[in-house]
Amino acid sequence: MKNDIKEVLFSEQDINKRIKELGMQISKDYEGKFPLLVCILRGAFMFLADLVRKIDIPMSVDFMAISSYGGKTDSTGQVKILKDLDTSIKNRHVLIVEDIVDTGLTMDAVTRLLSTRKPASLRIASLLDKEERRLLPIKVDYYGFKVPNEFVVGYGLDYEERYRNLPFIGILKEKIYRKE
Ligand code: IMP
């Protein structure tokens, strides 16, 4: 698996350190608000699991599975809900936990949908922010790292369902997804 990685961008230690900082910030900002963390499956499962252990205020979690139609390394913004939330988010302080915001099309669709359910507040925590590729002005309220315009995998992020189990985040070699 490691042979398919062009460059490691963030090591396990880098990720742990940054998530600790994010957890502290979120704990401070949501004190007394009993936030609901909404994990977007499948890419954000690892980030959520590590993030919640760094949050030291009462909170709850729920999961939403979506699929975005698109090419192998691009999304189109048309999202289909494969698994909806089990929790009512009305009057809750909702924090969406995502793996990466790229064009912003997916987060635009998800935030528009969740807004119709009248949460008390709605914010986004994304481990990675590929800001350069943004097509819609999605604001990431909490981000782990900014990434360049490259296809990255590991720590929950996949290419065709593979590489999610890498403990670090790295750039996938182009030859893996540009097979002619
Ligand atoms: P967006 O709708 O273009 O913002 O794309 C969001 C989704 O595309 C993410 O939730 C990922 O599933 C996927 N994605 C975008 N860029 C990458 C990447 O570099 N690696 C792995 N998945 C990515």
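30 is the number of the first residue of the sequence shown in the numbering used here; add one for each residue after it.
Just so it is clear, CB atoms sit at the ideal spot from N, CA and C, and this is done for glycine as well.
Report task. Return yes when the Cβ of Met88 is within less than 8 Å of the Cβ of Phe63, no when it is not. Result -> Yes, Cβ-Cβ distance for Phe63 and Met88 is below 8 Å.
Report task. Between the Cα of Tyr172 and those of Thr140, Ile198, Asn194 and Val126, spot the shortest distance and give me the residue it belongs to. Result -> For the set Thr140, Ile198, Asn194 and Val126, the Cα lying nearest the Cα of Tyr172 is the one of Val126.
Query raised in the report: What do you get for Pro166, buried or exposed, if any count of 16 or more other CB atoms within 10 angstroms of its CB means buried?
Result: Exposed.
Query raised in the report: Closer than 7 Å: is that where the CB of Lys159 sits relative to any heavy atom of ligand 1?
Result: Indeed, a heavy atom of ligand 1 lies less than 7 Å from the Cβ.
Query raised in the report: Does DSSP put Phe76 in a helix, a strand or coil?
Result: Reduced to three states, the DSSP call for Phe76 is helix.
Query - C-alpha distance - Leu156 paired with Leu186, whole-angstrom precision - result: Approximately 10 Å between the Cα atoms of the pair.
Query raised in the report: Does ligand 1 have a heavy atom nearer than 7 Å to the CB of Gly133?
Result: Under cutoff, so the answer is yes.
Query raised in the report: Among the residues of its own chain, which have a CB less than 7 Å from the CB of Phe39, if the five just before and after it don't count?
Result: Hits under 7 Å: Phe174, Phe197 and Ile198.
Query raised in the report: Looking at Val176 and Asp158, is the spacing between their C-beta atoms short of 8 Å?
Result: In contact: Asp158 and Val176 (Cβ atoms closer than 8 Å).
Query raised in the report: For ligand 1, is there a heavy atom less than 7 Å away from the beta-carbon of Ile48?
Result: In this structure, Ile48 has its CB at a distance of at least 7 Å from all heavy atoms of ligand 1.
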